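Below: the structure, in structure tokens.
2 protein chains.
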Amino acid sequence: MSTQTVRILLVGLGNLGRRFCDLLAEKGPPVEERYGLRLLLVGAADSRGLAYDPQGLNPALISQIKQDGGTVADYPLVGRPGQAANLVAYAEADLLCEASPVNLQRGAEPGLTHVRLALERGMHVVTPNKGPLVLAYQELHNLAARQGVQLRFDGTVAGGLPALYIGQRDLRGAVVRCIEAVPNLVTGYILELLAEGLPWDEALERARAEGVLEADPSFDLDGWDAAAKLVILVNAVMDFPARLEDVERAGITGISGAEVLAARREGRVYKLVVTAERRADGGVDLRVAPTPLPAEHFLAHLGRKQMGVVYHTDIYGTVMAAIDEPTPLPSAATMLRDIMDIFCGQ
Amino acid sequence: MSTQTVRILLVGLGNLGRRFCDLLAEKGPPVEERYGLRLLLVGAADSRGLAYDPQGLNPALISQIKQDGGTVADYPLVGRPGQAANLVAYAEADLLCEASPVNLQRGAEPGLTHVRLALERGMHVVTPNKGPLVLAYQELHNLAARQGVQLRFDGTVAGGLPALYIGQRDLRGAVVRCIEAVPNLVTGYILELLAEGLPWDEALERARAEGVLEADPSFDLDGWDAAAKLVILVNAVMDFPARLEDVERAGITGISGAEVLAARREGRVYKLVVTAERRADGGVDLRVAPTPLPAEHFLAHLGRKQMGVVYHTDIYGTVMAAIDEPTPLPSAATMLRDIMDIFCGQ
Numbered sequence: 041m042s043t044q045t046v047r048i049l050l051v052g053l054g055n056l057g058r059r060f061c062d063l064l065a066e067k068g069p070p071v072e073e074r075y076g077l078r079l080l081l082v083g084a085a086d087s088r089g090l091a092y093d094p095q096g097l098n099p100a101l102i103s104q105i106k107q108d109g110g111t112v113a114d115y116p117l118v119g120r121p122g123q124a125a126n127l128v129a130y131a132e133a134d135l136l137c138e139a140s141p142v143n144l145q146r147g148a149e150p151g152l153t154h155v156r157l158a159l160e161r162g163m164h165v166v167t168p169n170k171g172p173l174v175l176a177y178q179e180l181h182n183l184a185a186r187q188g189v190q191l192r193f194d195g196t197v198a199g200g201l202p203a204l205y206i207g208q209r210d211l212r213g214a215v216v217r218c219i220e221a222v223p224n225l226v227t228g229y230i231l232e233l234l235a236e237g238l239p240w241d242e243a244l245e246r247a248r249a250e251g252v253l254e255a256d257p258s259f260d261l262d263g264w265d266a267a268a269k270l271v272i273l274v275n276a277v278m279d280f281p282a283r284l285e286d287v288e289r290a291g292i293t294g295i296s297g298a299e300v301l302a303a304r305r306e307g308r309v310y311k312l313v314v315t316a317e318r319r320a321d322g323g324v325d326l327r328v329a330p331t332p333l334p335a336e337h338f339l340a341h342l343g344r345k346q347m348g349v350v351y352h353t354d355i356y357g358t359v360m361a362a363i364d365e366p367t368p369l370p371s372a373a374t375m376l377r378d379i380m381d382i383f384c385g386q
Numbered sequence: 041m042s043t044q045t046v047r048i049l050l051v052g053l054g055n056l057g058r059r060f061c062d063l064l065a066e067k068g069p070p071v072e073e074r075y076g077l078r079l080l081l082v083g084a085a086d087s088r089g090l091a092y093d094p095q096g097l098n099p100a101l102i103s104q105i106k107q108d109g110g111t112v113a114d115y116p117l118v119g120r121p122g123q124a125a126n127l128v129a130y131a132e133a134d135l136l137c138e139a140s141p142v143n144l145q146r147g148a149e150p151g152l153t154h155v156r157l158a159l160e161r162g163m164h165v166v167t168p169n170k171g172p173l174v175l176a177y178q179e180l181h182n183l184a185a186r187q188g189v190q191l192r193f194d195g196t197v198a199g200g201l202p203a204l205y206i207g208q209r210d211l212r213g214a215v216v217r218c219i220e221a222v223p224n225l226v227t228g229y230i231l232e233l234l235a236e237g238l239p240w241d242e243a244l245e246r247a248r249a250e251g252v253l254e255a256d257p258s259f260d261l262d263g264w265d266a267a268a269k270l271v272i273l274v275n276a277v278m279d280f281p282a283r284l285e286d287v288e289r290a291g292i293t294g295i296s297g298a299e300v301l302a303a304r305r306e307g308r309v310y311k312l313v314v315t316a317e318r319r320a321d322g323g324v325d326l327r328v329a330p331t332p333l334p335a336e337h338f339l340a341h342l343g344r345k346q347m348g349v350v351y352h353t354d355i356y357g358t359v360m361a362a363i364d365e366p367t368p369l370p371s372a373a374t375m376l377r378d379i380m381d382i383f384c385g386q
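Chains as they are written, first to last, in this note's numbering: chain A, 41 to 386; chain B, 41 to 386.
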């Protein structure tokens with residue numbers, strides 16, 4: 041078996057990017073042995089700087105620098121201050137992993153610029169960053185097609201669950217009539233605490249203490265994250281050009297602990313559920329809402345660290361999938377899944 | 041978009057083959073429009089005869105003939121008595137759908153001969169028939185690789201659930217440490233009746249009356265079907281050459297209704313569970329056994345018409361999937377899924 045080298049740029053070294061470096065260090069050798077694929081990290085950038093070495097950077101060292109609170113600008117010899125966009129614009133590489141922070145305001149920047157630039161330069165792009173997909177799904181797909189490269193984003197929906205691959209590939213030939221999903225961990229965790237009788241402020245406190253809550257909790261609690269994931273799911277699986285502004289959205293902040301407790305006493309489980317239902321006229325109704333699910337519903341069984349999706353189809357029955365994800369590792373591993381899929385084909 | 045024609049041979053016109061004809065009739069036009077793929081059934085065979093027409097047979101007519109209790113030998117003008125193997129040996133086609141009955145005894149014939157012959161002639165093969173895969177997994181894969189064609193068998197495990205695609209593709213790069221699955225519908229149905237308090241003979245009677253039970257019920261009840269599916273799963277997903285004789289197998293016939301009832305009173309749910317566990321020495325322990333699952337186990341929630349699988353991995357967390365399959369249509373549709381996957385690539 042001949043070995044193929046994939047030169048990778050990684051932009052974003054937060055929770056996911058740093059773990060992706062760990063994965064490259066750990067999985068590089070077995071992936072090369074098993075699939076003949078040499079994953080070579082040639083460039084990396086965070087918000088403070090970048091490093092580029094055509095011979096390959098040491099992903100374990102980058103991970104260590106980040107865990108110690110440093111920046112990749114401090115990488116020995118080849119690290120320097122600078123903007124990630126410069127790395128994407130000038131480095132020689134085959135593929136960009138875009139893992140910069142999600143930003144649905146301000147035009148999904150800087151992620152959108154990075155993705156566009158990489159595609160324009162003929163690189164494949166792999167990204168768990170929802171922003172560019174939510175704001176420019178069709179534009180980016182058209183660009184990738186024109187350039188003859190792949191754009192993959194399995195990590196944008198429901199963490200490490202291959203929700204998009206199941207929906208796009210395994211349901212080919214079917215009409216997907218309805219999608220239901222619980223794609224957000226934070227809201228499930230807080231609803232669970234409320235169901236145990238904790239008051240709202242203590243539940244928030246606990247989530248914050250466990251590092252589950254973002255600095256701006258509104259992104260999760262008000263349903264923006266779930267809505268963004270629904271938009272991507274529907275574009276990818278239902279082939280329908282859904283937009284964020286088409287989603288009827290209610291977050292969990294309007295729910296009282298008493299409501300959650302009362303539902304639980306009746307055997308119902310509150311989850312922040314996203315739903316897409318195909319209408320008779322060809323349109324799709326999009327909804328994010330806290331929903332008291334009956335105990336027998338597939339999504340009612342999801343545990344604290346679990347996300348799930350249900351596809352109602354015409355010819356494949358009802359296909360359901362869930363993931364238990366105690367750490368962000370599976371979300372970071374979606375980048376490995378996407379890369380393997382591009383280069384190992386079928 | 042240019043249109044590619046796929047000339048298909050279909051062997052076996054039972055429950056799955058007949059429904060696949062319905063699917064070709066219903067899904068042919070939208071698949072051609074959406075994917076530029078023209079699915080042309082040029083040959084079909086059942087146990088009594090065959091029909092071959094390079095210009096294409098009418099799948100809806102074949103389905104009608106079979107529903108009326110006839111044979112494809114009666115197909116107007118081109119139907120004739122004869123053996124399926126002759127069709128596979130002489131017809132010009134791109135792909136064989138092998139849907140003849142499962143037969144783990146007698147060398148998995150006639151399915152194995154059909155699959156070998158088609159691969160040797162350079163056809164792709166799609167099959168929901170477990171027999172050939174269980175008995176000759178590696179041989180058939182080697183043959184397909186030498187011939188540069190695809191061998192797909194998503195329908196051999198857990199009906200319409202894409203258990204193999206999830207395990208083989210979406211978990212690429214991971215070590216799958218353990219697989220648990222409930223891949224058999226019949227045993228789940230009977231265990232459910234026992235849990236409702238029906239005595240064994242009445243449960244069997246009911247299953248037979250509803251057409252769920254095969255003429256030889258031992259294949260399902262004694263765990264042979266589940267064991268065969270486990271062998272295919274482990275070969276495909278764990279990359280381990282498991283054989284049927286390696287499986288420690290117990291069916292459900294040794295379980296009394298009283299045991300099932302007692303478990304249910306304690307909140308435990310009996311299912312016929314298959315398990316594959318990787319040992320430290322690199323081997324894999326294979327087991328089929330009726331198991332009283334705790335209520336919080338993913339597989340404990342499966343309903344009467346549901347099957348499921350759980351993959352425990354090192355980097356993708358725990359990935360779980362299930363299907364609700366009220367009719368055999370999703371199982372037949374796996375042949376469409378496999379064909380689409382071969383010809384529509386990624």
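Each residue gets a CB set at the ideal place from its N, CA and C atoms; glycine is no exception. Computed from a predicted structure; not experimentally measured.
In whole angstroms, give me the CA-to-CA distance for residue i and residue j.
| i | j | result |
| --- | --- | --- |
| A:F338 | A:D364 | 14 Å |
| B:A184 | B:G162 | 8 Å |
| A:K345 | A:P370 | 12 Å |
| B:V174 | A:E245 | 54 Å |
| B:M347 | B:M380 | 23 Å |
| B:V212 | A:R377 | Residue identity check: residue 212 of chain B is Arg in the sequence provided, not Val. Between B:R212 and A:R377, the C-alpha separation is close to 6 Å. |
| A:V216 | B:R47 | 27 Å |
| A:I272 | B:D256 | 47 Å |
| B:V128 | A:A303 | 60 Å |
| A:V442 | A:E306 | This structure gives no information on residue 442 of chain A, because the portion of chain A shown stretches from 41 to 386. |
| A:L49 | A:A139 | 10 Å |
| B:G200 | B:Q208 | 16 Å |
| A:L301 | A:G251 | 25 Å |
For residue i, name the three-state secondary structure that DSSP assigns.
| i | result |
| --- | --- |
| B:Q190 | coil |
| A:Q123 | coil |
| A:T167 | coil |
| A:T196 | helix |
| A:D118 | One detail in the question is off: residue 118 of chain A reads as Val in this sequence, not Asp. Residue state, collapsed to three classes: coil. |
| A:P330 | strand |
| A:L253 | coil |
| A:R78 | strand |
| B:H154 | helix |
| B:M278 | coil |
| A:D86 | coil |
| B:D62 | helix |
| B:H341 | helix |
| B:Y229 | helix |
| B:T315 | strand |
Answer yes or no: do residue i and residue j have a C-beta to C-beta separation smaller than 8 Å?
| i | j | result |
| --- | --- | --- |
| B:V274 | B:A316 | yes |
| A:P141 | A:G83 | no |
| B:T358 | B:V350 | yes |
| A:L159 | A:A125 | no |
| B:K170 | B:P223 | no |
| A:D194 | A:T367 | no |
| A:G322 | A:L234 | no |
Going by C-alpha to C-alpha distance, which of the options sits closest to residue i?
| i | options | result |
| --- | --- | --- |
| B:D86 | B:P94, B:P116, B:R120 and B:E73 | B:R120 |
| B:H352 | B:D210, B:R88 and B:R186 | B:D210 |
| A:D325 | A:R283, A:P99, A:I355 and A:D265 | A:R283 |
| B:D330 | B:P168, B:R58 and B:E232 | Residue identity check: residue 330 of chain B is Pro in the sequence provided, not Asp. Comparing Cα-Cα distances from B:P330 to each of B:P168, B:R58 and B:E232, the minimum goes to B:E232. |
| A:G57 | A:A340, A:C137 and A:V71 | A:C137 |
| A:Y27 | B:A247, B:D241, B:A214 and B:G385 | Residue coverage of chain A in this structure runs from 41 to 386, which leaves residue 27 of chain A outside it and unanswerable. |
| A:L342 | A:H154, A:P202, A:V309 and A:A235 | A:V309 |
| B:Q145 | B:E285, B:Y356 and B:R327 | B:E285 |
| A:R289 | A:F259, A:L97, A:M278 and A:D279 | A:F259 |
Going along the chain, which residues of its own chain have a beta-carbon closer than 6 Å to the beta-carbon of residue i, five neighbours each way excluded?
| i | result |
| --- | --- |
| A:Y177 | N275 |
Ordered along the chain, which non-local residues of its own chain (more than five positions away) have a Cβ less than 7 Å from that of residue i?
| i | result |
| --- | --- |
| A:T293 | L261 and D262 |
| B:H164 | D134, L135, V189, Q190 and I382 |
| B:V112 | L53, A84, A85, D86, G89, L90, A91, I102, I105 and G119 |
Which same chain residues, not among the five before or five after residue i, have their C-beta less than 8 Å away from its C-beta?
| i | result |
| --- | --- |
| A:C384 | Y75 and L77 |
Inset, instruction - Could you list the residues in the segment 136–164 of chain A with a C-beta less than 7 Å from some C-beta on chain D, going in chain order? - result: Looking for chain D here will not work: the only protein chains present are A and B.
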